[in-house]
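All the letters of the sequence shown, read from the start, carry residue numbers 167 to 248 under the numbering used here.
Don't be surprised by glycine CBs; every beta carbon is placed ideally from N, CA and C.
From a predicted model like this one, the values you see are computed outputs, not experimental measurements.
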Amino acid sequence: MQRALWAKAALTVFTEETYNGDHPGTMDRGDLEDAIADLICDLLHFARLHPRMDASELHAKALRTFEQEIADGMCNCADRSW
């Protein structure tokens with residue numbers, strides 16, 4: 167849950183800048199999904215510009231980490247009300 171809250175905080179700052187001040191808690195599902203994808207994409211652009219980072223490898227690493235955390239039971243998201 168803590169990881170999701172950190173992500174929500176980052177997404178809140180991002181959507182305030184890029185989605186006319188919208189807040190993740192009030193966005194419709196489609197816009198929220200677009201905002202999440204846009205933030206991930208922009209992070210990959212940031213990594214690509216860094217001289218020693220491979221954006222594709224970071225994307226793959228993030229997905230592996232996410233899947234491992236789910237498998238390890240670290241992300242028991244029974245309450246998905248927010």
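Inset, instruction - Under 8 Å Cβ to Cβ from Phe180, same chain only, skipping five residues before and after it: list those, please. - result: Scanning its chain for C-beta atoms nearer than 8 Å, with the 5 sequence neighbours on each side dropped, one finds around Phe180 the residues Ala201, Asp204, Leu205, Asp208, in chain order.
Legend entry - C-beta contact flag for Asp194 and Tyr185 at 9 Å: It is not a contact, given that the beta carbons lie outside the stated cut-off.
Inset, instruction - Just mark Pro190 as buried or exposed, buried being the case when its beta carbon has 16 or more other beta carbons within 10 Å. - result: It is buried - the Cβ of Pro190 has at least 16 other Cβ atoms within 10 Å.
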